[in-house]
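In my numbering, the protein residues as written are 1007 to 1832.
Note that beta-carbon positions come from the ideal geometry of N, C-alpha and C, so glycine has one too.
Just so you know, these numbers come straight off a predicted model, no measurement behind them.
These notes are about the structure you will find just below.
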Amino acid sequence: MSITDITTARPSTTRALHEGWSLRATGGAVPASFSGLSVPATVPGLVHTDLLDAGLIPDPFLDRNEHLVTWIGSTDWEYRTAFDWTPDGHDRHDLVFEGLDTVATVTLNGSVVAETRNQHRTYRLDVDALLREGENELVVHFGSPVAAADRASLEIGYRPHTYFHPFNAIRKAACNFGWDWGLDAASAGLWKPVSLHAWSGARLASVRPVVTVDGDDRRVAVHVEVERAGDADVTLAAAVAGVTGRVELGADETIAVVDLAVPDAELWWPRGFGEQPLYDLAVTLEQGGEHIADWTRRIGFRTVEVELEPDAEGTSFRFVVNGEAVWVRGANWIPDDAFVTRVDRARLSRRLDQAEFANMNLLRIWGGGYYESDDFYELCDERGIMVWQDFLFACAAYAEEEPLWSEVEAEARDNITRIMPHPSMVLWNGNNENIWGFEEWGWEKRVQGRTWGMGYYLDLLPRLVAELDPAGNYTAGSPWSGTPEIPANDPDHGSVHLWELWNRVDYPAYRDVSPRFVAEFGWQGPATWSTIERAISDSPLTPESPGMIHHQKATDGNDKLTDGLVAHLPLPDDTEDWHWAMSLNQANAVTVAIEHFRSLSPRCMGSVVWQLNDCWPVTSWAAVDGDEHAKPLLYALRHVYADRLVTVQPRGEGLVVAVLNDSPDALAEDLIIRRLRFDGTELASATIPLDLDRRSSVTVDIPPGVATVSSHADEVIVATVGTERGFWYYAEARDSSLPAPAFTTDAQPCEDGYTVTVTAEVFLRDLALLVDKVDPAAVVDDQLVTMLPGETVTFQVRTSATLDPAALVSTRVLRTANQLVADWAR
1007 MSITDITTAR PSTTRALHEG WSLRATGGAV PASFSGLSVP ATVPGLVHTD LLDAGLIPDP
1067 FLDRNEHLVT WIGSTDWEYR TAFDWTPDGH DRHDLVFEGL DTVATVTLNG SVVAETRNQH
1127 RTYRLDVDAL LREGENELVV HFGSPVAAAD RASLEIGYRP HTYFHPFNAI RKAACNFGWD
1187 WGLDAASAGL WKPVSLHAWS GARLASVRPV VTVDGDDRRV AVHVEVERAG DADVTLAAAV
1247 AGVTGRVELG ADETIAVVDL AVPDAELWWP RGFGEQPLYD LAVTLEQGGE HIADWTRRIG
1307 FRTVEVELEP DAEGTSFRFV VNGEAVWVRG ANWIPDDAFV TRVDRARLSR RLDQAEFANM
1367 NLLRIWGGGY YESDDFYELC DERGIMVWQD FLFACAAYAE EEPLWSEVEA EARDNITRIM
1427 PHPSMVLWNG NNENIWGFEE WGWEKRVQGR TWGMGYYLDL LPRLVAELDP AGNYTAGSPW
1487 SGTPEIPAND PDHGSVHLWE LWNRVDYPAY RDVSPRFVAE FGWQGPATWS TIERAISDSP
1547 LTPESPGMIH HQKATDGNDK LTDGLVAHLP LPDDTEDWHW AMSLNQANAV TVAIEHFRSL
1607 SPRCMGSVVW QLNDCWPVTS WAAVDGDEHA KPLLYALRHV YADRLVTVQP RGEGLVVAVL
1667 NDSPDALAED LIIRRLRFDG TELASATIPL DLDRRSSVTV DIPPGVATVS SHADEVIVAT
1727 VGTERGFWYY AEARDSSLPA PAFTTDAQPC EDGYTVTVTA EVFLRDLALL VDKVDPAAVV
1787 DDQLVTMLPG ETVTFQVRTS ATLDPAALVS TRVLRTANQL VADWAR
């Protein structure tokens, strides 16, 4: 009797096939020293990480080693293992590859099982006819991704793209071929789990819980697709929050819906708006009373609408959750390591800790990377961090013909089905910058009438979202005006990307734009000092030494850093001073932008800064560097994304104070506006009572007698509401009379590290404690604190190391803008 004749119901089993793999190069640009060499392979893993573990290549994150390993992407690779198998009485046996990167041929016992061309989908392969009792040999051959992309580009015809390789010709993460913040390290490998799934009778092919909330009516419709290996009746059951439903499926039925009313379910809210209750949804499949398959996820009950609605000012773009408009305080997310298999749940948790520290409520997963791991979405569910998920199209035109069309549909079906159960998932987005690129980057003439992707964005993807996630939201692209008839990046309509600011225009000009929602903007800054020292061994180390330039991937990046600095702060000649100046300027640029955007509320309803994280040690727009260390920018984001914000803004010929109360509580406080000299002398003041509702804002004109300056160089407006305050300077720091820094300090050990207390003797602008210079693992609770004479602040430094307290208050660690100006003035 063959295994396919057996129909007895029994529970399915899943066996991981992660052991005993080896890796070898089989063709392409292989160095002579690698010829015939086989090394142990880790699965899940990548070629680069296996070669690193074997000590065969230098770390591409260090110095200019990237150049020494680019041959890997031009090489063919083979993974090989063997596993024992004994007939187990199951009807079906499937090899399941959750991720193959990317151009792969799979053979089992010498027979080809599949040829794959898509990193972003799962492959389930029936291998009943090929399994044999005893040892089975499994081989996966990966073709060179660089050669595959080049070859595919010739086959389907050129389409415009950014950077060096035609990443848009194959379905592989675009940034794996290099980006303006990422290294060119095109890899290959079994990057997700591999398993042998044995099952009988039927299996759960897909489960999609569609949650609806209508007042007190809370329901989940559990849509299930069943694959069969026999013709017996099966029973489908679903249970959540004590509510259970069952459906019988006849022998010829493969689709069913179990509808559950859950009246007592509590609503899931974004962080800052309420709690995040999650409920276990368990789906089981039974045959003849025998449990044969199950599926469990946590779900949440909420409504989300992403509103793009015409109004008197253009077209809105706002997120409404459970009927409440949410001012989005977000960041863009890129892969957290250039070799993504090194990113585990603990690392993701640390990164989301930093997002929460910065008061963020949304992360946008950018379309040049990956659909994130289940861990990522689960952690966002728990924390109330909303997720905006791009489909994986970025900065390029994409052919719509076969074989790409079917590959895109398959990957979208896989990932919509996988991700849609998560309550944190609030928006599907068709692409990153491709519609804008077609309109404004000269692509239209270059594509010469060929397809370029609009069929995906306006037809295929919205159709699949409507089918698979009917309660979900979809936008065609980012930026997006809401309709093809209006230019994609029109500030009056929908979402915008603001990259003239940084590329060509200085950051005070953010105030010249009045957007509805900003989905990308940012300013570069270097990695933290300890990360630079670890990754770059240049001697001497300068802003333009070879390693530093190699770790700056943006076109003319250092020139843009300099041009963006010198209007605000002097350009230092000392490298550590340069590092502090550029770090501070990055924080100040983003502060100017977000304070302006928030002051426009409710016209503008969101800010998604580029970017939260980095994937290796590099000068970039990130707030957290590639060694996981917070840059000063993260602290700036914490301040400007706080629930309550006080900011002074120019309006017309005068100044205003915008007070934002994005908290759940009303605010009744006096607004106190003072114009001071840097020495603390009060020149004018006004007190204005405020009474703000929750989630509201007010804009108050500063009386001319207070706003009118007598000495631009040494006067400042200080606007205070309760414990929050904002500053307005009449001159840039470099043109001001900032005094040389003068303060007293006291550093003392405490239970989990050290306290550092600073008392200002003069006006101190942007006081920061760069603790990573003393201990790379140390973390400080605040930075960028501006102090009036006589004020005191205490920093908490968390570290397990024993430190010299004097080092924590040295001039290279305790930094201010005053230092940069005073040193230059001398």
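| query | result |
| --- | --- |
| Which stretch, first to last residue, makes up the alpha helix (DSSP H) that contains residue 1040? | Note, residue 1040: premise wrong, no alpha helix (DSSP H); not H, not E. |
| Applying the criterion that 16 or more other CB atoms from any shown protein chain within 10 Å of the CB defines a buried residue, is residue 1446 buried or exposed? | exposed |
| Checking 8 Å against the spacing of the C-beta atoms, do residue 1246 and residue 1286 come in under that value? | yes |
| Looking at the secondary structure, which residues open and close the alpha helix (DSSP H) in which residue 1263 lies? | Here residue 1263 belongs to no alpha helix (DSSP H); instead the beta strand (DSSP E) covers 1261-1267. |
| If I follow the unbroken beta strand (DSSP E) through residue 1756, where does it start and stop? | 1749-1756 |
| From residue 1784 to residue 1645, what does the alpha carbon distance come to, in whole angstroms? | 20 Å |
| Tell me, which residues are paired with residue 1033 by DSSP? | 1082 |
| Please report the residue range of the beta strand (DSSP E) in which residue 1727 lies. | 1721-1727 |
| Please tell me whether residue 1015 and residue 1294 are closer than 8 Å, where the distance is taken between their beta carbons. | yes |
| What does DSSP give as the partner residue(s) for residue 1760 in the beta ladder? | 1755, 1803 |
| In whole angstroms, what separates the C-alpha of residue 1375 from that of residue 1471? | 20 Å |
| So, does the stretch 1587-1602 touch the stretch 1568-1578, judging by three or more C-beta pairs under 8 Å? | yes |
| Expressed to the nearest angstrom, what Euclidean distance is found between the alpha-carbon atoms of residue 1217 and residue 1243? | 17 Å |
| Among 1708, 1138, 1278, which has the Cα closest to the Cα of residue 1834? | In the structure as shown, the chain starts at 1007 and stops at 1832, and residue 1834 therefore has no counterpart that could be examined. |
| By Cβ distance, which residues of its chain are closer than 8 Å to residue 1710, with the 5 residues on each side in sequence left out? | 1660 |
| Any idea what DSSP makes of residue 1055, helix, strand or coil? | helix |
| One question on the structure: do residue 1440 and residue 1455 come within less than 8 Å of each other, judged by their Cβ atoms? | no |
| Secondary structure at residue 1063, three-state DSSP: helix, strand or coil? | coil |
| Tell me the start and end of each unbroken alpha helix (DSSP H) in the stretch 1522-1602 that is at least 4 residues and wholly inside, in chain order. | 1535-1541, 1552-1556, 1563-1571 |
| Over the uninterrupted alpha helix (DSSP H) stretch that includes residue 1124, give me the two end residues. | Careful: residue 1124 lies outside any alpha helix (DSSP H) and carries neither H nor E. |
| Give the secondary structure of residue 1457 by DSSP, where H, G and I count as helix, E and B as strand, and everything else as coil. | coil |
| In terms of residues, what are the limits of the alpha helix (DSSP H) holding residue 1355? | 1351-1363 |
| Does the stretch 1427-1444 come within contact of the stretch 1466-1480, defined as at least 3 CB pairs closer than 8 Å? | yes |
| Does the beta-carbon of residue 1261 have 16 or more other beta-carbons within 10 angstroms, so that it is buried, or is it exposed? | exposed |
| When burial is assigned at 16 or more other CB atoms within 10 Å of the CB, is residue 1826 buried or exposed? | buried |
| Three-state secondary structure (DSSP) at residue 1297? | strand |
| Please determine, among 1818, 1092, 1093, 1086, the residue with the shortest C-alpha to C-alpha distance to residue 1113. | 1086 |
| What are the uninterrupted segments assigned as beta strand (DSSP E) that are 3 or more residues long and contained completely in the stretch 1674-1745, given in chain order? | 1688-1698, 1702-1707, 1721-1727, 1730-1735 |
| Can you tell me where the beta strand (DSSP E) holding residue 1232 begins and where it ends? | 1223-1234 |
| What's the C-alpha gap between residue 1814 and residue 1579? | 23 Å |
| Looking at the structure shown, is residue 1346 part of a helix, part of a strand, or coil, going by DSSP? | helix |
| Give the DSSP-derived three-state secondary structure of residue 1168 in the structure shown. | coil |
| Rounded to whole angstroms, what is the Cα-Cα separation between residue 1732 and residue 1677? | 11 Å |
| According to DSSP, is residue 1015 part of a helix, a strand, or is it coil? | coil |
| To the nearest whole angstrom, what separates the beta carbons of residue 1337 and residue 1369, a pair I think is in contact under 8 Å? | 6 Å |
| Taking only the alpha-carbon atoms, compute the straight-line gap between residue 1794 and residue 1512 and give it to the nearest angstrom. | 28 Å |
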